[in-house]
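Here is the structure we will look at.
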Amino acid sequence: MAIPATECIPLKIRGLFRFCYRTKLQKTWNIADRREFSCSAAKSYAARVVSGTAIARQIHKEIQASVEQLVGQGNRRPHLAVILVGDDPASRVYVRNKTRAASLLGISSSALLRPAGVTQAELLDLIDQMNRDWRVSGLLVQLPLPGHINERAVCNAIAPEKDVDGFHIVNIGKLVLDQRTMVPATPAAVWEIIQRTGIETVGKNVLVVGRSKNVGMPIAMLLHSDRNHERPGGDATVTIAHRCTPREQLTHHCRLADIVIAAAGVPQLITADMVKEGAVVIDVGINRIQESGSGRIRLVGDVDFEGVRQKAGFITPVPGGVGPVTIAMVMKNTVTAARNALAH
Ligand SMILES: Nc1nc(=O)c2c([nH]1)NC[C@@H]1CN(c3ccc(C(=O)N[C@@H](CCC(=O)O)C(=O)O)cc3)C=[N+]21
1 MAIPATECIP LKIRGLFRFC YRTKLQKTWN IADRREFSCS AAKSYAARVV SGTAIARQIH
61 KEIQASVEQL VGQGNRRPHL AVILVGDDPA SRVYVRNKTR AASLLGISSS ALLRPAGVTQ
121 AELLDLIDQM NRDWRVSGLL VQLPLPGHIN ERAVCNAIAP EKDVDGFHIV NIGKLVLDQR
181 TMVPATPAAV WEIIQRTGIE TVGKNVLVVG RSKNVGMPIA MLLHSDRNHE RPGGDATVTI
241 AHRCTPREQL THHCRLADIV IAAAGVPQLI TADMVKEGAV VIDVGINRIQ ESGSGRIRLV
301 GDVDFEGVRQ KAGFITPVPG GVGPVTIAMV MKNTVTAARN ALAH
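The opening residue of the sequence shown carries number 1 in full-length UniProt numbering; numbering runs sequentially from there.
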């Protein structure tokens, strides 16, 4: 039975305080999507569902203001160029979401579509053109690419100062060295969600499930590193689990974690029995599964949402969690790239 959010609060409040400062808690409520609250009288825990959509909206406002300021000072509008190879339906959705977000925020954009059969040389040539085009502030090549193209060569061909994905080897190196750089959008989104929800990370146990170079690895980098740095980090104790981690070890690490970040690409990987009461659970998974009855395609994360929400303190949903904030961070990086170009 769904009951109003306010009735859940007394039951939840002790768990919440383990992760929030009192002052930050107030701010936190503003971005809570209260409609998503529900709990039954018998349960002592009901996670606050952190709305990535609401956080993205907040970031959008900041970006809009920053774009208008740039333009108001007589500068060109930031421009994002997105290269899409082939016709993978998921990639199309993401690229459409990016160009749509750009236009909403006053950022101009272009989607450059190439067939799946495009050669690597042709792709590198297109990137080179975009690098040299002074109208282009930010450039990204949607991944994954077809098998005959070397993704690393492509990422390294993008001018580092236009690399809004932060995938260029120099930008990854800077990230690892805690230097200021373009942080990849999904890790940046996880970071923003944690910060804007007022979740404490210093000295906390963080479990990152998944070690991909674009998501798991950079998230672990951001969260374990030093707060007092050029690019501040979370000062957490970070553990990285991956496909070679035995199931019982995964459970063991997960139960110790104050913050679990699921980025493995395995539906239902994280279940309620694995999660510590009151833990923060951030679901980065994007899995398309076919429902057995209707045959419809449904988007699910790596977390058993319905089970885990009854035990966690905070949880991000899929869709509407990390995804929309990821898009917002690509936009933010585009504006940063445009600003950086002015300084030169
Ligand atoms: N060069 C490159 N840069 C990327 O940033 C990049 C990439 N390649 N390849 C794929 C991943 C994945 N990614 C997502 C972006 C938005 C949503 C998103 O908006 N998700 C919505 C749902 C959208 C849907 O219906 O699929 C949500 O979670 O609410 C998800 C995933 C960016 N990626």
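Idealized CB from N, CA, C, for every residue including glycine.
Being a predicted model, the structure only gives us computed values, none of them experimental.
- Taking a cut-off of 8 Å for Cβ pairs, the region 314-326 and the region 289-298 do not touch, as fewer than three such pairs fall below it.
- Around the C-beta of residue 48, 16 or more other C-beta atoms lie within 10 Å, and the residue is accordingly described as buried.
- Residue 228: not part of any beta strand (DSSP E); DSSP gives it neither H nor E.
- When the beta-carbon positions are compared, residue 162 and residue 205 stay at least 8 Å from each other.
- Ligand 1 approaches residue 97 closely enough that one of its heavy atoms is under 7 Å from the residue's Cβ.
- Residue environment for residue 196: buried (at least 16 other C-beta atoms within 10 angstroms of its C-beta).
- If you draw a straight line from the Cα of residue 266 to the Cα of residue 244, it is about 14 Å long.
- For residue 320, the distance from the CB to the nearest heavy atom of ligand 1 is below 7 Å.
- If you ignore the 5 residues before and after residue 287, its C-beta comes within less than 6 Å of the C-beta of 267 and 300, all in its own chain and listed in chain order.
- Distance from the CA atom of residue 289 to the CA atom of residue 165, rounded to whole angstroms, is 27 Å.
- Taking residue 112 as the centre and dropping the five residues before and after it, the same chain places the C-beta of 83 closer than 6 Å to its C-beta, in chain order.
- Remark: the C-beta of residue 154 is outside contact range of ligand 1, defined as less than 7 Å to any heavy atom.
- Looking at the DSSP output, residue 287 shares a beta bridge with 300.
- The residue from 190, 304, 76 and 51 with its alpha-carbon nearest to that of residue 107 is 76.
- Excluding residues up to 5 positions away in sequence, 80, 162, 164, 334 and 337 lie with their Cβ nearer than 6 Å to the Cβ of residue 138 in the same chain.
- For residue 334, the three-state secondary structure derived from DSSP is helix.
- Straight-line measurement puts the Cα of residue 224 at about 5 Å from the Cα of residue 235.
- With a cutoff of 8 Å on beta-carbon distance, residue 85 and residue 136 are scored as not near each other.
- Residues of the same chain with a CB within less than 6 Å of the CB of residue 185, apart from the 5 flanking positions on each side, are 326, 329 and 330 in chain order.
- Looking from the CA of residue 116, the closest CA among 102, 140, 100 and 91 belongs to 91.
- Given a length threshold of 4 residues, each whole run of the alpha helix (DSSP H) inside the region 93-169 is given here in chain order: 120-132 and 151-157.
- Under DSSP, residue 79 takes part in a beta bridge, and its partners are 108.
- Residue pairing by DSSP places residue 257 opposite no residue, since no beta bridge is assigned to it.
- Taken atom to atom, the span from the alpha-carbon of residue 122 to that of residue 99 is near 23 Å.
- Short of 6 Å from the beta carbon of residue 141, and not among the five residues preceding or following it, lie these beta carbons of its own chain, in chain order: 83 and 154.
- Here residue 48 is bridged, per DSSP, to 314.
- Short of 8 Å from the beta carbon of residue 208, and not among the five residues preceding or following it, lie these beta carbons of its own chain, in chain order: 216, 219, 220, 223, 238, 239, 240, 241, 261 and 263.
- Judged by their CB atoms, residue 285 and residue 52 are not nearer to each other than the 8 Å cut-off.
- Relative to ligand 1, even the nearest heavy atom lies 7 Å or more away from the CB of residue 246.
- If you ignore the 5 residues before and after residue 172, its C-beta comes within less than 8 Å of the C-beta of 166, 213 and 218, all in its own chain and listed in chain order.
- Looking at the DSSP output, residue 237 sits in a beta bridge with 205.
- Residue range 185-196 is occupied by the alpha helix (DSSP H) that includes residue 186.
- Between residue 316 and residue 283, the C-beta gap is smaller than 8 Å, which places the two residues in contact.
- Residue 269 holds the alpha-carbon nearest to the alpha-carbon of residue 250 among 269, 232, 233 and 258.
- Contact between residue 201 and residue 194 holds: their C-beta atoms lie close to 6 Å from each other, under 8 Å.
- Residue 308 carries a helical assignment under DSSP once its states are collapsed to helix, strand and coil.
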